[in-house]
Amino acid sequence: MQGLLVVGGSRGIGKAIIQKSLNTRAIHNLSRNPVDIEGVQHHSLDVLQDALPSVEDINSLVYCPGSINLKPISSLKVEDFRQDLEINLIGAVKAIKHYHKGLKKAENASIVLFSTVAVAQGMPFHASVAAAKAAIEGLTKSLAAEFAPKIRVNCIAPTITNTPLAAGILRSEEAIEKVKLRHPTKDILSAEEVAALACYLMSPEAKGITGQIFHIDGGLSTLKI
Ligand SMILES: NC(=O)c1ccc[n+]([C@@H]2O[C@H](COP(=O)([O-])OP(=O)(O)OC[C@H]3O[C@@H](n4cnc5c(N)ncnc54)[C@H](OP(=O)(O)O)[C@@H]3O)[C@@H](O)[C@H]2O)c1
């Protein structure tokens, strides 16, 4: 059974990916807090500060840590941009560099990264996170080319999704209704919906897909209705 390594599986989309993969894959999770799911090999660490562990026999890597730091540019410090780049991009680069050799030896190896709808669709107050996630989209395409044909690399760009990261935005029934109405599909994404796309991208059925950015955003980045 080839293994899945999730960076950031203690909650949100990463945890939903683990739940969907439980019975079919050996799973390793790296995060600061443990994941409360039996059968997962958990490694407690901060991906930016700590050395990453050796993990045998994985063919999939998913990097989930990210940020939603929404402020006008006048309130954003240069340091905010640095921190967003660190957690969104540099942590992913560190994990990919560390596990690249092992992935290269595996069958149907793949990497899934996360962007945001705010790269394809300009949105006020998203300068810092959009810049960091645009870097992830560039990384996705570059590495997909560099790693072909051994490791597929894809990226998911969700709109606001009901996870702890978005709790500040989805803080009331009224706020949730407003978010729903902004989307052509008039709904809010769940962690499970985004996780289902990630699991598909890692599966053998997706062996023809690499270097792509998947917009799971209720039509927000492409439709005007
Ligand atoms: N939710 C949304 O609305 C939304 C929208 C667009 C894009 N995205 C992107 O989708 C991805 C997943 O989002 P999410 O909502 O599932 O996020 P989340 O709920 O904040 O979960 C993030 C995971 O990353 C881990 N993590 C964070 N910092 C870490 C660090 N320094 N070292 C190790 N682990 C760390 C967290 O665990 P610990 O705290 O235990 O370390 C947690 O397991 C992110 O890249 C996010 O930017 C999300």
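This note's numbering applies: residue 1 is where the sequence shown begins, and numbers increase by one.
The beta carbon of each residue, even a glycine, is placed where N, CA and C say it ideally should be.
Please read these numbers as outputs of a predicted model, since none were measured by experiment.
{"Check": "Where the beta strand (DSSP E) through H28 begins and ends", "Outcome": "27 to 31"}
{"Check": "Pair within 8 Å by beta-carbon distance, V119 and V62", "Outcome": "no"}
{"Check": "Near ligand 1: D84 beta-carbon under 7 Å from a heavy atom", "Outcome": "no"}
{"Check": "DSSP state of G91 mapped onto helix, strand, coil", "Outcome": "helix"}
{"Check": "Segments assigned alpha helix (DSSP H), at least 4 residues, entirely inside the stretch 111 to 189", "Outcome": "117 to 120, 127 to 147, 173 to 182"}
{"Check": "Contact under 8 Å by Cβ, A92 with N59", "Outcome": "no"}
{"Check": "Sub-8 Å separation of A195 and I17 beta-carbons", "Outcome": "yes"}
{"Check": "Of the listed residues I27, S110, M123, Q83, nearest to T140 (C-alpha basis)", "Outcome": "S110"}
{"Check": "Identity of the residues DSSP links to I213 by a beta bridge", "Outcome": "C155"}
{"Check": "CB of L189 within 8 Å of CB of F214, strictly", "Outcome": "no"}
{"Check": "I225, enclosing beta strand (DSSP E) - first and last residue", "Outcome": "No beta strand (DSSP E) holds I225; DSSP gives it neither H nor E."}
{"Check": "Among A26, K150, A127, nearest to H100 - alpha-carbon criterion", "Outcome": "K150"}
{"Check": "Buried or exposed by the 16-neighbour rule on C-beta atoms within 10 Å, applied to K15", "Outcome": "buried"}
{"Check": "Beta-carbon proximity of L158 to I216, cut-off 8 Å", "Outcome": "First, the residue type needs correcting, since residue 158 is Pro and not Leu in the sequence shown. Yes, these two residues count as a Cβ contact at 8 Å."}
{"Check": "Nearest neighbour of D46, chosen from V55, G39, D57, S31 [CA to CA]", "Outcome": "S31"}
{"Check": "For G3, the first and last residue of its enclosing beta strand (DSSP E)", "Outcome": "3 to 7"}
{"Check": "Contact test: G9 Cβ vs ligand 1 heavy atom, cutoff 7 Å", "Outcome": "yes"}
{"Check": "V47 (DSSP reduced to helix, strand or coil)", "Outcome": "coil"}
{"Check": "CB-CB length for V117 against S10, believed under 8 Å", "Outcome": "So it is not a contact: roughly 24 Å between Cβ atoms."}
{"Check": "Pairwise C-alpha distance: A132 and R25", "Outcome": "31 Å"}
{"Check": "DSSP bridge partner residues for L61 (one or two, in chain order)", "Outcome": "L5, I111"}
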